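Report on the structure given below.
Right, dumping it as structure tokens:
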């Protein structure tokens, strides 16, 4: 069925039989209804079509296959949400959960056969109305959704959010041998792999654990690469034939004498000098655990360790598991993960990978394709590679989203991107219902088992804002904690025996983290709930405690220093802004550079502005706050660098939308770089920060550091400068000078030269100063730029004595061969410049010996926030940089770049007209 041609139809008694959707459109499996609609009708039609779905609307996927008949195993990771599997128009399986795996054995007739998947209205299955929820969420208006195991994303009023409908987890059909063919002296147990996981011991040795289950009543690993007839069944259905009950009874009677020979081979990657490890084990029925499973351990001496991006390599071993049912292969990695101990002096979540402290930075995942959960694998990898290039080391899949595909997790393994996986629970009151909770535990065990082979999966959390919601709703403290996330989820993760850190929900307190860890380790609840008479001393929303969602810088308009003074420890969500795309993307999406200046495009722009349901403001207002603070306000400068505040700009940050967008981009590049640099500093308590979010889900200014098409924004460029594995960044300290921080995430010390260049207010630069530096492995070095020449220079005009003498300071980290590894420029007194003169920009194309393109940018004066404007297909790898007088800065360019594209390219700087990029010099 991998190559089957699927058709999607809408079955609705009220629609015109001649309608295209009634006749059917091509569809992909795995895929969703919104993705098929986009591919067939275009992006603009998707929301309109889905909005016309009625209470009786059914979406049906249908294909025709030809088989030799016999037993076939149908498998899916999930179908959203109320769904049926039909074979020859007979229902053989039903599911009411988008996250429950399908594993069904169907006896097929020989010859052609119709296969159909029907997606019924979610509301067609009733849920209890009582007991009522103890609190309501402003994000989700449908109260019944707290009972339904369905992605919340389509039920929240966010730009571009669409309901998830259909086989996002795919559908596979594998032929199985007949039971009657098993005539061996000792009947086989029919074992198949359920999960593969790894651990690293304290002595550095590795262990591969293979968990197997019998062919009845288990949920094997649906994502293993299979050969032969590996399979297991949770259900059996016969279509157009009959099963032989005598064969089934006889097989069941022989189980106690059954055995299985399991062959396991662990092959090292090519770059590791080691031999494969093989093991053969015979298991019998008496070896079964209490959960009717079997485990086989294989020792791997001194395995090469998997490291996050920038900290080391990502070696992946191949594990082959062969039983009588066939062979499965897995790619696994060896690494350890733990949370550092917490006490009164060390609060909050801090991760260690392979016993090395980690500063995790990255983004909340919104999917790679706004229209398709099961995105094209190449698109998924492209988005992840772009985040990787921006210095990300962690991706968080939130509880409001759908679970991700194997393509996503494999790419994260290969790229060194740690994954924080939320269970699909959002800011609603989880039902305290035994059946519902049992179903959730089964879901979490399966999810954890599925992800256990992936070294990238380091955190599993009980959901998004499950604990925060009652706090912000003003509920009493005894309602803040629920056993669903404090016990059920951690216990299920522990039962799957995955080497991960468990978090009850994001955000949460230290006490919540401790309770979840106890349940993970013992399966028992820990701690007592607060009584109505007790007064809490810590809230789960505190930035310095547990895990936070930090929006002080961002939604709440705090100065940049708030990110430090609040003592942020681990922000699983942070820095929410409306981020405008680059000019070329705006032109492509809206047909103009300034959509709000054009009546035809203004409404479309506003529809894509990031906002929260019920709020009277948008995140575009948030961005404007920082534009004013950085460039306009007389007495408000987040850098606090000018002792005497400068005068406000005469006409504001431009009078038209085009000019305002340029100031917004400049402000965001500055805010993201400065905030992440503050968090990364060794003096900061912060050990993790994830931006909301990775990708905007609609055209226009969404939350994403990447726009809806996956291209970088100004926020990405700022984040990249502070988050790259090797990075340099100034962090002004007011009266304590101008430190420049140099980071090296790599496993070996970095020996280089830090070249400092000072630009004066007179339009020139002083002689560069070279300082030898050795940055420790996975460490940081700090140099006081104001003291680097052996004297004190007030490079940031912090004391304000007399006229300002300096205009900017540049720091370049240069390796022994002369290559620039990292670069940053600090604008003295902050980024505002009143009545700044035209810097005299000039630029031309340069091609390296390797055939790669870059743009060489020069300026006669100080050029602020310099960026390229490139046509679609080409991407600047740096942007919103500052160019000192007389300096030449090379901006690498990747992607498709034809002659006409190079001719159309322009270079911009803040406050001055753009200029064309000249042709390559002869």
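Residue numbers (this note's numbering): 143 to 1064. Positions of the beta carbon are idealized from the N, C-alpha and C atoms, including for glycine. Given the structure is predicted, the values throughout are model-derived calculations rather than measurements.
Inter-residue spacing [alpha-carbon to alpha-carbon] between residue i and residue j
i	j	result
residue 954	residue 452	20 Å
residue 893	residue 883	15 Å
residue 664	residue 645	15 Å
residue 792	residue 239	Low per-residue confidence applies at residue 792: pLDDT is 44, beneath 50, and the placement is therefore not dependable, though the value from the model is reported in the following sentence. So the alpha carbons of these two residues sit roughly 59 Å apart.
residue 419	residue 348	11 Å
residue 634	residue 990	54 Å
residue 142	residue 713	Since the first residue shown for the chain is 143 and the last is 1064, residue 142 is missing from the structure and cannot be characterised.
residue 781	residue 718	Here the model assigns residue 781 a pLDDT of 47, short of 50, so the residue's position is not dependable, and the following value carries that caveat. Using only the alpha carbons, I get a separation of about 20 Å.
residue 685	residue 692	6 Å
residue 658	residue 628	5 Å
residue 1055	residue 983	9 Å
residue 743	residue 589	43 Å
residue 789	residue 914	Confidence in residue 789 is poor, its pLDDT being 40 and thus under 50, which makes the residue's placement unreliable; the coordinate value appears in the next sentence. Rounded to whole angstroms, residue 789 to residue 914 spans 40 Å at the Cα level.
residue 173	residue 515	7 Å
residue 625	residue 250	44 Å
residue 775	residue 538	36 Å
residue 930	residue 904	22 Å
residue 643	residue 636	10 Å
residue 158	residue 201	15 Å
residue 279	residue 196	25 Å
residue 1003	residue 1030	12 Å
residue 1062	residue 767	41 Å
residue 287	residue 163	28 Å
residue 161	residue 262	20 Å
residue 785	residue 773	With a pLDDT of 35 at residue 785, under the threshold of 50, the modelled position of that residue is not reliable, and the figure given next carries that caveat. Taking the straight line joining both Cα atoms gives about 16 Å.
residue 721	residue 814	11 Å
residue 860	residue 816	8 Å
residue 292	residue 986	53 Å
residue 449	residue 414	15 Å
residue 302	residue 176	11 Å
residue 404	residue 964	51 Å
Best match in the options for proximity to residue i [C-alpha to C-alpha]
i	options	result
residue 475	641, 226, 862, 898	641
residue 266	1034, 199, 408, 909	199
residue 211	717, 256, 850	256
residue 253	512, 230, 235	230
residue 329	812, 912, 181, 401	401
residue 769	245, 205, 702	702
residue 899	937, 891, 1063, 875	937
residue 594	568, 356, 562, 205	562
residue 1073	647, 528, 260	Nothing about residue 1073 can be read from this structure; the chain reaches only from 143 to 1064.
residue 205	222, 416, 144, 973	144
For residue i, the residue or residues it bridges with in DSSP
i	result
residue 835	According to DSSP, residue 835 bridges with nothing at all.
residue 950	901, 969
residue 1036	1017
residue 340	350
residue 998	986, 1032
residue 299	Paired residue(s): none; residue 299 is not in a bridge.
residue 153	200
residue 913	896
residue 955	896, 964
residue 148	169
residue 1058	1048
Cβ of residue i within 9 Å of any chain B Cβ
i	result
residue 329	Absent from the structure: chain B. Only one protein chain is present.
Contiguous beta strand (DSSP E) assignments of at least 3 residues, all confined to the segment 709–745: If we require 3 residues or more, the beta strand (DSSP E) runs fully inside the segment 709–745 come out as 712–716.
Given 8 Å, three or more beta-carbon pairs between the segment 499–510 and the segment 727–737: Result no; under three Cβ-Cβ pairs closer than 8 Å.
Sufficient close CB pairs (3 or more, under 8 Å) joining the segment 587–598 to the segment 540–554: Proximity of the segment 587–598 to the segment 540–554 meets the contact definition, three or more beta-carbon pairs being nearer than 8 Å.
The segment 514–528 / the segment 485–502 touching (three or more Cβ pairs under 8 Å): They do not touch, by the three-pair rule.
Contact the segment 565–575 vs the segment 266–280: 3+ CB pairs below 8 Å: Taking a cut-off of 8 Å for Cβ pairs, the segment 565–575 and the segment 266–280 touch, as three or more such pairs fall below it.
At least 3 beta-carbon pairs within less than 8 Å: the segment 1006–1025 vs the segment 846–857: The answer is yes - the segment 846–857 touches the segment 1006–1025, with three or more Cβ pairs under 8 Å.
Start-end ranges of the beta strand (DSSP E) lying completely within the segment 627–700, minimum 3 residues: Taking only runs of at least 3 residues, the beta strand (DSSP E) segments lying wholly in the segment 627–700 are 643–645, 690–692.
Ordered list of beta strand (DSSP E) runs contained in the segment 456–488, each at least 3 residues: At a cut-off of 3 residues, the continuous stretches assigned as beta strand (DSSP E) that sit fully inside the segment 456–488 are 459–465, 468–474, 479–481.
Cβ contact check for the segment 431–439 and the segment 333–353: 3 or more pairs under 8 Å: These segments touch.
Length-filtered (3 minimum) beta strand (DSSP E) runs lying within the segment 537–581: Taking only runs of at least 3 residues, the beta strand (DSSP E) segments lying wholly in the segment 537–581 are 560–564.
Any 3 or more C-beta pairs closer than 8 Å across the segment 757–767 and the segment 822–829: The answer is no - the segment 822–829 does not touch the segment 757–767, with fewer than three Cβ pairs under 8 Å.
Completely contained alpha helix (DSSP H) runs for the segment 583–625, where each covers 4 or more residues: Under the rule that a run must span 4 or more residues, the alpha helix (DSSP H) segments found entirely inside the segment 583–625 read 610–614.
Within the segment 185–242, ranges of the alpha helix (DSSP H) (whole runs, at least 4 residues): Uninterrupted alpha helix (DSSP H) stretches at least 4 residues long and entirely within the segment 185–242 occur at 185–193, given in chain order.
Unbroken stretches of the beta strand (DSSP E), 3 residues or longer, contained in the segment 845–894: DSSP runs (the beta strand (DSSP E)) wholly in the segment 845–894: 868–872, 881–886.
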